[in-house]
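Numbering (the working numbering), first residue to last: -11 to 205.
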């Protein structure tokens, strides 16, 4: 959100506020389409909702530049994971016996990312579910949207406490985000999985390089 003049902390807090609306709408759409595994969501959400406010408080000491670079790296890692899935010959890298532990670990990653850079760990959450557990792209995106809501709420509370939510921008983004999340969810459920995965990976890579190399004037 640097393009509207917010620093990294304000962007993080405001983005979490907006994400609450879009993630809720997106989760509703994916749930209607049968693309959410609620057990996986619960296992991811438990550690993430605990770690998110802790990381949000800890990263108060980080510079704007560091936060942007972290976010950029996270996005690029997510894109690479999806590209690797396209080249992979196995449906899942994690044995089924380890799926619960893996989902809890994914929740830890979600909490670390959501607390430090905001917008939840969605950029890496869906790729981790696709690559690690062999989920379809639609199911992974549905689970990532639903699992991010508890982390968003706890992280948002910490950012509100520090005054990092720019409330002036919230109504406009929320009004645009709700129908956007509905339309985006419907389109995602209609697209072939491989096409959706490739589009998502390209978007993540583009945003990642933007955050790594773009400098505000």
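Here a beta-carbon is modelled for each residue, glycine too, at the ideal position from N, C-alpha and C.
- Judged by their CB atoms, residue 104 and residue 47 are nearer to each other than the 8 Å cut-off.
- Within the same chain, 41 come within 7 Å of residue 145 by CB-CB distance, once the 5 residues on both sides are set aside.
- Straight through space, the alpha carbons of residue 126 and residue 88 are spaced by roughly 20 Å.
- The shortest C-alpha to C-alpha distance from residue 163 to any of 68, 71 and 6 is the one to 6.
- Scanning its chain for C-beta atoms nearer than 8 Å, with the 5 sequence neighbours on each side dropped, one finds around residue 118 the residues 69, 70, 73, 124, 125, 128 and 185, in chain order.
- Boundaries of the alpha helix (DSSP H) harbouring residue 165: 158 to 178, taken from the DSSP string.
- Measuring C-alpha to C-alpha distances from residue 169 to each of 3, -2, 17 and -6 identifies 17 as the nearest.
- By the neighbour-count criterion, in which 16 or more other beta carbons inside 10 Å mark a residue as buried, residue 85 falls on the exposed side.
- Distances from the alpha-carbon of residue 23 to those of 36, 173 and 57 put 173 closest.
- Bounds of the alpha helix (DSSP H) holding residue 35 are 26 to 46.
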